[in-house]
Amino acid sequence: MKESALTKVPRADAPPPYEVQAFGTLTDVPIALAEAARREGVDNLNQLLADTITLRDLYRKHHWQASGPTFYMLHLLFDKHYREQDELVDAVAERVMQLGGVSVAMGADVAEMTLVPSPPKGRERTAEQLARLLFAHEVILEEARAMARYAERDGDVGTADLIVSKIIRTNETQVWFVAEHRTAAPAEVE
Ligand SMILES: [Fe+2]
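Residue numbers for the sequence shown, in the UniProt record's numbering: 1 to 190.
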């Protein structure tokens, strides 16, 4: 491996970890919701969070790496969707905290948890970028629908509402805009 100039610079030791709450644990919050319901909500929302962070970053990657005749349009569209997904990330992460959990946050931890397949480091063609985004949206929509049903069943209507009114509606709208950019197959002529 090539030696980096940075490795030669002396630096202070990184601060030692001092956690006030470990990841995966639950604190007691007085919101009239059973601990089991909050625990399931936190676990599900952290999965949704890891996948939403991944989709958000996928939009950023494709915003930078767009190409071809639709470059300008997709460059702008991917940026808009990136910002909308970033709002979802914040809403889901804060819901995890409201339920007494600890939200997943850093890239390495997200990469371990996400169900969205990792893209190559390199630049892809537009068709593959669109297909990759649509696949990620469908992963999220599939889990979000199931999670909303579980939250509703457990009486956690706040979480169910967040998932339906923000996650599902935003993702469905974004799928519409992305899917319309796919090149239509030529119609069959007799
Ligand atoms: Fe930009």
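All residues carry an ideal CB built from backbone N, CA and C; glycine is no exception.
So L37 and G155 are supposed to be a Cβ contact under 8 Å. How far apart are they, rounded?
Sequence inspection shows Ala at residue 37; the Leu mentioned does not correspond to that position. Rounded, the Cβ-Cβ distance is 6 Å, consistent with contact.
Give every residue whose Cβ lies closer than 6 Å to any heavy atom of ligand 2, listed in chain order.
Of the ligands this structure carries, namely ligand 1, none is ligand 2.
Quick check on K61: does DSSP put it in helix, strand or coil?
Three-state result, K61: helix.
For a quick check, are the C-beta atoms of A151 and G68 less than 8 Å apart?
No, the Cβ-Cβ distance between A151 and G68 is not below 8 Å.
In terms of alpha-carbon separation, which member of T170, K61, A12 lies closest to E128?
Cα-wise, what sits closest to E128 is K61.
Below 8 Å CB to CB, which residues in the same chain sit around N46 once its five sequence neighbours on both sides are set aside?
Within the same chain, N46 has close Cβ partners V96, G101, S103, V104, M113.
From the DSSP output, in three-state form, read off Y18 for me.
DSSP places Y18 in coil when its eight states are reduced to three.
Quick check: what's the CA-CA separation for T126 versus V178?
Cα to Cα, T126 sits roughly 11 Å from V178.
Using the rule of at least 16 other Cβ atoms within 10 Å of the residue's Cβ for burial, across every protein chain shown, is D57 buried or exposed?
Buried, since its Cβ has 16 or more Cβ neighbours within 10 Å.
How many angstroms separate the CA atom of A131 from the CA atom of T183?
Rounded to the nearest angstrom, the two C-alpha atoms are 11 Å apart.
I think Q85 touches T52, with their Cβ atoms under 8 Å apart; what is that distance to the nearest whole Å?
Correct: roughly 6 Å between the Cβ atoms.
Please classify A32: does DSSP put it in a helix, a strand, or coil?
A32: coil per DSSP, three-state reduction.
Could you pull the start and end residues of the alpha helix (DSSP H) that F177 belongs to?
That run of the alpha helix (DSSP H) goes 169-179.
Is it buried or exposed, A66, if we count other Cβ atoms within 10 angstroms and call 16 or more buried?
When all chains shown are included, A66 counts as buried.
Which same chain residues, not among the five before or five after Q98, have their C-beta less than 6 Å away from its C-beta?
Answer for Q98: no residue qualifies.
Tell me the DSSP secondary structure of R11 in three-state form.
The answer is coil: DSSP assigns R11 none of H, G, I, E or B.
Can you tell me the Cα-Cα spacing of I168 and A12, whole angstroms?
The alpha-carbon atoms of I168 and A12 are separated by roughly 45 Å.
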